[in-house]
Each structure stands twice: as structure tokens, then as C-alpha cells.
Amino acid sequence: MTQLSTDRVSHDSPQVCIVGAGPGAPDLITVRGQTLLSQADVVFYTGSLVPEQMLAHCRPDAEIIDTRSLVLETWRSQIVDRAKAGKTVVRLQDGDPCLYGALHELMVYLLDEDVSFEVVPGVSAFQAAAARLQTELTVPKLVQTIILTRTQGQTDVPNRENLAELAAHQASLCLYLSAHHCAKAQAQLLEHYSAETPMALCYRLGWPDEQVVVGSLSQMADLTREANLTRTVLYVISPALAGAADARSRLYSPDHAHIFRRKSRA
Ligand SMILES: C[S@@+](CC[C@H](N)C(=O)[O-])C[C@H]1O[C@@H](n2cnc3c(N)ncnc32)[C@H](O)[C@@H]1O
Numbered sequence: 397m398t399q400l401s402t403d404r405v406s407h408d409s410p411q412v413c414i415v416g417a418g419p420g421a422p423d424l425i426t427v428r429g430q431t432l433l434s435q436a437d438v439v440f441y442t443g444s445l446v447p448e449q450m451l452a453h454c455r456p457d458a459e460i461i462d463t464r465s466l467v468l469e470t471w472r473s474q475i476v477d478r479a480k481a482g483k484t485v486v487r488l489q490d491g492d493p494c495l496y497g498a499l500h501e502l503m504v505y506l507l508d509e510d511v512s513f514e515v516v517p518g519v520s521a522f523q524a525a526a527a528r529l530q531t532e533l534t535v536p537k538l539v540q541t542i543i544l545t546r547t548q549g550q551t552d553v554p555n556r557e558n559l560a561e562l563a564a565h566q567a568s569l570c571l572y573l574s575a576h577h578c579a580k581a582q583a584q585l586l587e588h589y590s591a592e593t594p595m596a597l598c599y600r601l602g603w604p605d606e607q608v609v610v611g612s613l614s615q616m617a618d619l620t621r622e623a624n625l626t627r628t629v630l631y632v633i634s635p636a637l638a639g640a641a642d643a644r645s646r647l648y649s650p651d652h653a654h655i656f657r658r659k660s661r662a
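Heads up: take any position in the sequence shown, counting from 1, add 396, and you land on our numbering.
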């Protein structure tokens, strides 16, 4: 795999900004992302996963290119051409660019072409799901680990990341890109999670047609089929979804002192 050398990345006025748009709602982009979007000469965006309303942040005269029907080789060379022509370019992609966003191959190409870039994080689907479900995915004494993963589709998943083995941790597990293979995923997860483990199916969070269905892991495939969903679903499988009324972390505990607070008698 080509290694990315961070010392080649300049942080002064990057020619290309790769911006996370968040899960859908136009006001869930970061302030920095919105500012860059509003200044860009050219915006390349993933039309299948970034709603058009997000483009309201762009200048009316900005060139807007939807990459959903283009191959990588086409749009990445268009990005480089425009950047080398002195235009400010934003690549706008859903959620956070570091997750399942074909980010690595774009950055490698930009480095090879000597085009400087900045990556601006965004709210990922798993974070939007936790907020929508009003759940902390790391509840003390219950679960302290989050696994972000996907099932094997057209992209290979290494054998050592087999879903059944990840399930052994019984962590809060957020499953991307897996609606097509949800029956197989359910069977693998049930090798270690109990059938009653709470499961939330989250479709197009933040979009007008958002759907959120909460059930148990044993219902995951049936609920997906009933809702007729085959894409843009994030599953959250976690004991934390059931709540844990008496759980609290020590962070704000009266008997816990740290550098910002003395022990309190309360
Ligand atoms: C190509 S991946 C990109 C993930 C994205 N970079 C992120 O951080 O959320 C697309 C997958 O992310 C999840 N996803 C993205 N946006 C979503 C949303 N608004 N609601 C639910 N799931 C979403 C789904 O699992 C979808 O199949």
C-alpha cells in the first residue's frame, strides 16, 4: 500500500479541501466546512449521499460537480486540473471522510500530483445515530468500546475482522454498508451477542425520509426487509441501547478529584 507521508502535507492555504458534510442535515456540517464551501470556486460532491440542500452553502457562481456517476480516475483528475489552474476546490463527502470514503486513494493521488490538501472532519453516521437514539455508546460498567465495521461487499474485509469474531467483544457495534447482507450479519453477530441485544436500524439520518426502527438483534434482518431498505442504513447493536439507569462515569462524581476539581462533599 502506498504510504502517506504527512510531512509532505502543507497546512497553509491548501489547494484542495476534503470536507465531511455530516450525515445529511445541512446544519450538521462544521463551521470550518461551511466556510470553505462558501468560498470554493469548484465543489465536487457525492450526490448519492450528500443532499442537494447542502449546496445552499456554496457561492451561486461555483462550479458544482456530482461525482456519483463518475469513476475515480475521472473526477480526481478534474480536481487536480482545477486546483492547478488556481481554483479553490472542495471535495464534499458524506459523514466523516476518514470512514469508507475512498479518502486514501484520493490523498495518495493528490500527493503524487503535488497538490496540497486539508481534511476537514464531519459528523459520521454512527455519531448521528447515537444522538438520534439519545444513547451514550460507552456506558460505565456496561460497555466501554465502540466497533465501527461493515460486512464484506465489493470491498474486501480482512479475515481477521470477521464479524463473528468482533461480536465476541459484545461492544457497541456500528455496522455500515451492510443492509444487503443483513441476514448473514445477524447470524454472525448472534454467535456472541444474545438474541435480545438491542438493535437500532437507522436509515438516512437527517434526511426528510429518515427512518429509525429499534428492536432486538434477532429482528435485524426481518425489520430491514419489512422496511424494504437496501442501502444507507447504519445498524447499532449495543447493550447501551437498553439504558442502564444506575450507571455513571467517575468524570463528574463528587468523590473523584482531578486537576480541574477538588473532591466535593455532595
Ligand atoms: C460510503 S459509507 C460513508 C460513511 C460516511 N463517511 C460516514 O462517516 O458516515 C456510506 C454508509 O454510511 C452509512 N450512512 C451514511 N450516511 C448515513 C445516514 N444519513 N443515515 C444512516 N446511515 C448513513 C450507511 O451505512 C451507508 O451505507
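Note that the Cβ used here is the ideal one computed from N, Cα and C, for glycine as well.
Contact set for residue i: own chain, Cβ-Cβ below 6 Å, skip 5 residues either direction
| i | result |
| --- | --- |
| Ser-574 | Arg-546, Thr-547 and Ala-581 |
| Pro-410 | Ser-512, Phe-513 and Glu-514 |
| Gly-518 | Gly-416, Ala-417, Gly-418, Gly-491 and Asp-492 |
| Pro-635 | Leu-538 and Val-539 |
| Ser-436 | The sequence shown places Ala at residue 436, not Ser. Around Ala-436: Ala-458, Thr-484 and Val-486. |
For residue i, the nearest candidate out of the options (CA to CA)
| i | options | result |
| --- | --- | --- |
| Asp-477 | Ser-512, Leu-586, Ala-498 and Leu-533 | Ser-512 |
| Arg-487 | Lys-480, Trp-471 and Ala-481 | Trp-471 |
| Leu-424 | Leu-544, Leu-538 and Gln-449 | Gln-449 |
| Leu-597 | Val-632, Pro-419 and Arg-528 | Val-632 |
| His-588 | His-565, Ser-465, Pro-604 and Ala-481 | His-565 |
| Gln-530 | Gly-420, Val-608 and Ser-434 | Val-608 |
| Glu-606 | Leu-445, Asp-437 and Leu-495 | Leu-445 |
| Ile-542 | Leu-562, Ala-527, Leu-585 and Gln-615 | Leu-562 |
| Thr-463 | Ala-623, Val-427, Arg-621 and Gln-489 | Gln-489 |
| Gly-429 | Cys-413, Val-535, Tyr-441 and Thr-442 | Cys-413 |
| Ala-479 | Val-438, Thr-431, Arg-528 and Asn-624 | Val-438 |
Residue i: CB within 6 Å of a non-hydrogen atom of ligand 1
| i | result |
| --- | --- |
| Ser-520 | yes |
| Pro-419 | yes |
| Cys-598 | yes |
| Gly-549 | no |
| Tyr-496 | yes |
| Asp-492 | yes |
| Thr-572 | Here residue 572 is Tyr; the residue named in the question, Thr, does not match the sequence. Yes, Cβ of Tyr-572 sits closer than 6 Å to a heavy atom of ligand 1. |
| Leu-488 | no |
| Leu-466 | no |
| Thr-628 | yes |
| Leu-625 | no |
| Leu-601 | yes |
Cutoff 7 Å; reference residue i; Cβ partners in own chain excluding five residues on either side
| i | result |
| --- | --- |
| Ser-612 | Ala-591, Glu-592, Thr-593, Pro-594 and Met-595 |
Beta-bridge partners of residue i, as assigned by DSSP
| i | result |
| --- | --- |
| Arg-472 | Answer is none; Arg-472 lacks a bridge partner. |
| Cys-598 | Val-608 and Leu-630 |
| Ile-542 | Ser-568 |
| Gly-416 | Gln-489 |
Presumed contact (8 Å Cβ cut-off) between residue i and residue j, rounded CB distance
| i | j | result |
| --- | --- | --- |
| Leu-544 | Leu-495 | 7 Å |
| Leu-601 | Gly-482 | No, Leu-601 and Gly-482 are not in contact; Cβ-Cβ is about 37 Å, not under 8 Å. |
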